[in-house]
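In this note's numbering, the protein residues as written are 105 to 196.
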């Protein structure tokens, strides 16, 4: 359990160091860094531990971002070029 908590703390610290801003207290970011680059899915949680954003990385760059509403439904998708697509939050 201690190892998990210390790993999560390290990811939050690295996020703040890399992106230059801090998260709200009690929020969390979970993701992996390989060879100094973000890889895979990075999940951003709010203070209630619900996913608010998922960022998918490929080759060290952002490939796609999903934004979620308070019910946990995806409402926006942003591709690597910055094009925003609104999604139906109805769950269909």
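Cβ coordinates follow ideal geometry from the N, Cα and C atoms, glycine included.
**Request:** Buried or exposed for residue 188, please, with buried defined as at least 16 other CB atoms from any protein chain shown within 10 angstroms of its CB.
**Result:** Residue 188 is exposed by the Cβ-count criterion.
**Message:** Buried or exposed, going by whether 16 or more other CB atoms sit within 10 Å of the CB of residue 151?
**Reply:** Flag for residue 151 reads exposed.
**Request:** Give the secondary structure of residue 157 by DSSP, where H, G and I count as helix, E and B as strand, and everything else as coil.
**Result:** Residue state, collapsed to three classes: strand.
**Request:** Would you kindly check if the distance between the Cβ of residue 161 and the Cβ of residue 144 is under 8 angstroms?
**Result:** In this structure, residue 161 lies closer than 8 angstroms to residue 144 by Cβ.
**Burial state of residue 167, where buried means 16 or more other Cβ atoms lie within 10 Å** = Flag for residue 167 reads exposed.
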